[in-house]
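Residues 2 to 247, numbered by our numbering, are exactly what the sequence shown covers, in order. Since the structure comes first, as structure tokens, the remarks are kept for the end.
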Amino acid sequence: MAETMASFWGPITTTKKYCEINYAHSSYIAEFYNTISNIPTILLALIGLTNALRQRFEKRFSVLHVSNMTLAIGSMLYHATLQYVQQQSDETPMVWEILLYIYILYSPDWHYRRTMPIFLFLYGVAFAIGHSVVQFGIGFIVHYVILCLLCIPRMYKYYIYTEDVSAKLLAKLYVATLILGSLFWLFDRFICEEVSGWAINPQGHALWHVFMGFNSYFANTFLMFCRAQQRGWSPKVVRVMVFSPM
2 MAETMASFWG PITTTKKYCE INYAHSSYIA EFYNTISNIP TILLALIGLT NALRQRFEKR
62 FSVLHVSNMT LAIGSMLYHA TLQYVQQQSD ETPMVWEILL YIYILYSPDW HYRRTMPIFL
122 FLYGVAFAIG HSVVQFGIGF IVHYVILCLL CIPRMYKYYI YTEDVSAKLL AKLYVATLIL
182 GSLFWLFDRF ICEEVSGWAI NPQGHALWHV FMGFNSYFAN TFLMFCRAQQ RGWSPKVVRV
242 MVFSPM
């Protein structure tokens, strides 16, 4: 999209384009809505991290919530600057986070406990190095979707073995926010020209950020519930606020 004021960060170097006018509100923020829409993810991750620490879950759950915050901050830096280096600070943590989800989902039944974290760590390092020198383009999206699909069978297994109605609702909300977020992402990506002619741009990519922030929170809370059951804690889901079950 065309710029409306001078850029503090210099020429745009990102390989991607989004359906938001660049520097429409500030010379310091390239895409205003795509930047601030990451704030809910940070706040929800802070709630999840507080719960994980207070309830003494394993460290991997704390790391998971911190990774959500890291990803959101990286996304804010990227959309604020639209620089290629910051693009990597957004995309690489996305892959690292999915690898962490794979570990949390499959590690309880993994017979060779040390092999999985070592393999996933080396895979993450190799991807980061490769991504720093090669512009994967559409290959990044395909790779990320494949990693996400690897999580689905295990999430479904946890779902069918969970009897608690409130916990099942968390899993359903996880699926619902994933679908809605993906639709807005596709909306922003493929019909941008039509949207640009509307009186109000619905900011599909920003809505993708918001929905995926809730998506991560629902997924993390559901996994914490399942882990608490595995440890014999007799957990239950309580709702402190409308959008923050824990």
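We treat Cβ as the ideally placed atom computed from N, Cα and C, and that holds for glycine.
Take the Cβ of SER235 as the centre, count every other Cβ of all protein chains shown within 10 Å, and call the residue buried at 16 or more, exposed below.
SER235 should be labelled exposed.
Which residue comes first and which comes last in the alpha helix (DSSP H) that contains GLY182?
166-191
Note down, one range per segment and in chain order, each alpha helix (DSSP H) of at least 4 residues found wholly within the stretch 16-101.
Under the rule that a run must span 4 or more residues, the alpha helix (DSSP H) segments found entirely inside the stretch 16-101 read 33-37, 40-55, 60-82.
Quick check on this structure: which residue in LEU72, LEU78, VAL86, TYR85 has the alpha carbon closest to the alpha carbon of LEU101?
LEU72
Taking all protein chains shown into account, decide if THR36 is buried (16 or more other Cβ within 10 angstroms of its Cβ) or exposed.
With 16 or more other Cβ atoms within 10 Å, it is buried.
If I follow the unbroken alpha helix (DSSP H) through TRP209, where does it start and stop?
205-231
Closer than 7 Å by C-beta to HIS80: which residues in its own chain qualify, once you throw out the five before and the five after it? Chain order, please.
ALA31, GLU32, ASN35, THR36
State the DSSP-derived secondary structure class of PRO154, mapped to helix, strand or coil.
helix
On the three-state DSSP scale, how would you describe PRO246?
Three-state result, PRO246: strand.
In the DSSP output, which residue or residues are listed as bridge partners for ARG115?
Answer is none; ARG115 lacks a bridge partner.
Do PRO94 and SER63 have their C-beta atoms within less than 8 Å of each other?
no
When burial is assigned at 16 or more other CB atoms within 10 Å of the CB, is GLU92 buried or exposed?
buried
Is the stretch 202-214 in contact with the stretch 39-47, if contact means three or more CB pairs nearer than 8 Å?
yes
Suppose contacts are defined by Cβ-Cβ distances below 8 Å. Is ARG61 in contact with TYR104 by that definition?
yes
Under 7 Å Cβ to Cβ from GLN84, same chain only, skipping five residues before and after it: list those, please.
TRP10, THR14, THR15
Kindly give me the distance between the Cβ atoms of TYR249 and VAL96, rounded to whole angstroms, as I take these residues to be in contact under 8 Å.
Limits of the chain in this structure are 2 at one end and 247 at the other, which puts residue 249 out of reach.
Checking 8 Å against the spacing of the C-beta atoms, do VAL148 and ILE99 come in under that value?
Correcting the residue identity first, residue 148 is Leu in this sequence and not Val. Yes, Cβ-Cβ distance for LEU148 and ILE99 is below 8 Å.
Return the CA-CA distance between VAL143 and LEU150, expressed in angstroms with no decimal places.
11 Å
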